[in-house]
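Okay, so here's the structure we're looking at.
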Amino acid sequence: MKTLRLLRRRRALLNCAPFSHDQLADRSMRSAVSRADSSDEFVNQRNFDRAVAALVCLVPIPAESAEWFSEQDLVVGSKWTWKKMVWNPAVLAISIAVVVIAGVFVFQLLGRLNDFPGSATARKLLAVAASTRPVMLDPVSTEAGTLSDLFFMKHGLEHYDVPSEFADFRTIGCRVFDDEESRRIAQIWLGEKRMQLFLFPADRNMKTGAVLHFPGWRYIHQEGWVGAVTERSGVCFMAALRGGEKDLEPYITKSKE
Amino acid sequence: MLGDSRKAQEVFHTTLREAAQRAAQGELPKEPFWLFRDARWRCLEATKTDIQPESREIDEHEVDPGAASQIEQLDPAQLAVWISSAPDPQRTALALFYLDEFDYTEILDIAELKLSALSRCLAKGRRQLQAWLDAKHPEQPKL
Chain H
734 MKTLRLLRRR
744 RALLNCAPFS
754 HDQLADRSMR
764 SAVSRADSSD
774 EFVNQRNFDR
784 AVAALVCLVP
794 IPAESAEWFS
804 EQDLVVGSKW
814 TWKKMVWNPA
824 VLAISIAVVV
834 IAGVFVFQLL
844 GRLNDFPGSA
854 TARKLLAVAA
864 STRPVMLDPV
874 STEAGTLSDL
884 FFMKHGLEHY
894 DVPSEFADFR
904 TIGCRVFDDE
914 ESRRIAQIWL
924 GEKRMQLFLF
934 PADRNMKTGA
944 VLHFPGWRYI
954 HQEGWVGAVT
964 ERSGVCFMAA
974 LRGGEKDLEP
984 YITKSKE
Chain A
162 MLGDSRKAQE
172 VFHTTLREAA
182 QRAAQGELPK
192 EPFWLFRDAR
202 WRCLEATKTD
212 IQPESREIDE
222 HEVDPGAASQ
232 IEQLDPAQLA
242 VWISSAPDPQ
252 RTALALFYLD
262 EFDYTEILDI
272 AELKLSALSR
282 CLAKGRRQLQ
292 AWLDAKHPEQ
302 PKL
C-alpha cells in the first residue's frame, strides 16, 4: 500500500518535473527525476515541455506592460531614516533593554565607587543599628572613650578604641556580639542623637592576611541610616545614626579642626 | 491566462495599481506570491463573463517524440489562446508551468492546488495539446 502511494507520488512529481535543471531544488523532485532521467517517456515529456516553454517566451507582451520589466527598479525602497529606525519595535525594545542595563550598571558602579575595605560589614551593621532596641544592650552610663578598657579587659578585644571625636559622649549601653562570620563586634549606644557606635575587625588581604587600610572617614548609606567609618590599628570604627551625611559631618569636621 | 493582450494589460495594471495602494497604506500581505495569486484571481474574474467553450471531451494523444517540431510550427499567439481556453485550474497550471519562472511548490501555492491535481492538469494538458498539434500539424509519416 505504501509502495503504491510512493509510486503514485513519484509519478505526480515527474508530471510536474521542471524542464530546466537549475530548478531542481526539491529533494523529492531530485530523487524522482534521477530515477526517471533516462526513460523515453520522460525524455519525450521534457523535450515537449522545453519546446512549449520556448514558444511561450515568444508570446508578445504589450509594449505598455513590457516597460514594467525594464532593468530599472520597479519600486524605489523607502528612504531609511533615523526616526523610522528608532520607532522600529525591535530597535525600541533593544534600546530600552540597553538603557535599563546601563542604568543598573551605573547604579552598581556608583555604589562601588564609595566602597572601601569593610564597607560590606559596615552596611550590615547599619541594618543591625536600625533593628537594635536599647533593652538589647547592657546598660552602661559612662564616657564612650572609657569603654576601650572594658572591651579589652572583659572581652579581650585589642584596639577597640573609640576615636577622640566620639570619646566624650555619654553612653546608654553597650554589648559585644559575633556576626555571621564569627567576628567580634562591639556596639555602643550614645545618648547624643541616639547615635550608635560600632567597632569591628578591618578587612584583611585574603592571601597575605595584611590589614586593608584606608585613610580618613568614609560615609555609607542604607535605608535612611548613615554611617561614618574609619580604620585604626586594624579595627574599623563606625558612628551610625538615622539621617543623612550632614547629621554626622559636624562630629567629623570638629575633630579635623 | 487570458489569450487577449488588451485584457491582460488591464489586469496587469489593475493588479499593480492595487498593490501600490496597499503598499502605500502599509497593508501588503506577508505571505509570498500574494501578488501572483491576486493576478490569477483577477484573470479568472476577467474571463468569467466571456463566452465559455463547450464542455466536451477533448481528444488526448500520448506525447510524441517528434512533438517539438510540431510545436515549432505553431504561432505563439495561437498557443496563448489554446492555453487560455483551457478550463481552470488546468489553465493556471499550464500558464504558470510553461512560464518557467516557478518551481512546482510555488505553483501549488499560487494556484492553491494539491500535487496530485497539478500533476493531473499538466499530464492532461500535454496529451490534449499533443492531440491538438496532431490535428493542426500532422507529423510527416516517416519513410
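Chains as they are written, first to last, in my numbering: chain H, 734 to 990; chain A, 162 to 304. Idealized CB from N, CA, C, for every residue including glycine.
>> Using only CA atoms, which one of A:G164, A:L163, A:V242, A:L290 lies nearest to A229 of chain A?
In response: A:L290
>> Could you check if L283 of chain A belongs to the surroundings of the ligand GTP, using beta carbon to heavy atom distance under 7 angstroms?
In response: By its list of ligands, the structure shown contains no ligand whatsoever, and the ligand GTP lies outside what it can speak to.
> Can a CB atom of chain H be found closer than 8 angstroms to the CB of L189 of chain A?
Replying inline: no
>> Between the alpha carbons of D249 of chain A and S753 of chain H, how many angstroms are there, rounded?
In response: 25 angstroms
> Where do the ends of the alpha helix (DSSP H) carrying E797 of chain H lie?
Replying inline: 796-799
> Does DSSP put T963 of chain H in a helix, a strand or coil?
Replying inline: strand
> Using 8 angstroms as the limit for Cβ to Cβ distance, is L304 of chain A near chain H?
Replying inline: Low local confidence applies: a pLDDT of 48 at L304 of chain A is under 50, so the model's placement there is unreliable, with the coordinate-based value given in what follows. Chain H contact via Cβ: absent.
>> Tell me the rounded alpha-carbon separation between D261 of chain A and R178 of chain A.
In response: 25 angstroms
>> Counting C-beta neighbours from all protein chains within 10 Å, is the total for L189 of chain A 16 or more, i.e. buried, or is it exposed?
In response: exposed
> In whole angstroms, what separates the C-alpha of V861 of chain H from that of E956 of chain H?
Replying inline: 12 angstroms
> Could you give the C-beta distance for E964 of chain H and G851 of chain H, rounded to a whole number, given that I count them as a contact under 8 angstroms?
Replying inline: 7 angstroms
> Does L283 of chain A get closer than 8 angstroms to chain H when you measure Cβ to Cβ?
Replying inline: Contacts with chain H at 8 angstroms (Cβ-Cβ) include L283 of chain A.
>> Taking the alpha-carbon of F970 of chain H as reference, which of H:L858, H:K887, H:E797, H:R866 has the nearest alpha-carbon?
In response: H:L858
>> Please identify, using Cβ separations under 7 angstroms, the residues of the stretch 241-275 of chain A that lie next to chain H, in order along the chain.
In response: Correct list: A241, Y259, L260, D261, D264, Y265, T266.
> Y952 of chain H lies in the beta strand (DSSP E); which residues open and close that run?
Replying inline: 951-955
> Taking buried to mean at least 16 other C-beta atoms within 10 Å of its own C-beta, is D236 of chain A buried or exposed?
Replying inline: exposed
>> Helix, strand or coil, according to DSSP, for L304 of chain A in the structure here?
In response: Residue placement at L304 of chain A is flagged as unreliable, the pLDDT there being 48, under the threshold of 50; a coordinate-derived value is accordingly withheld.
>> If I measure Cβ to Cβ from L304 of chain A and keep anything under 8 angstroms in the same chain, skipping five residues before and after, which residues do I get?
In response: Because the pLDDT of L304 of chain A is 48, which lies under 50, any placement of that residue in the model is unreliable, and the question is left without a value.
> Which residues mark the beginning and the end of the alpha helix (DSSP H) in which P822 of chain H is found?
Replying inline: 822-846
> So is A200 of chain A in contact with chain H if we call contact Cβ pairs under 8 angstroms?
Replying inline: no
> Beta-carbon of P237 of chain A versus every beta-carbon of chain H: anything under 8 angstroms?
Replying inline: yes
> If you compare alpha carbons, which of H:I953, H:A943, H:E797, H:F884 is closest to V909 of chain H?
Replying inline: H:F884
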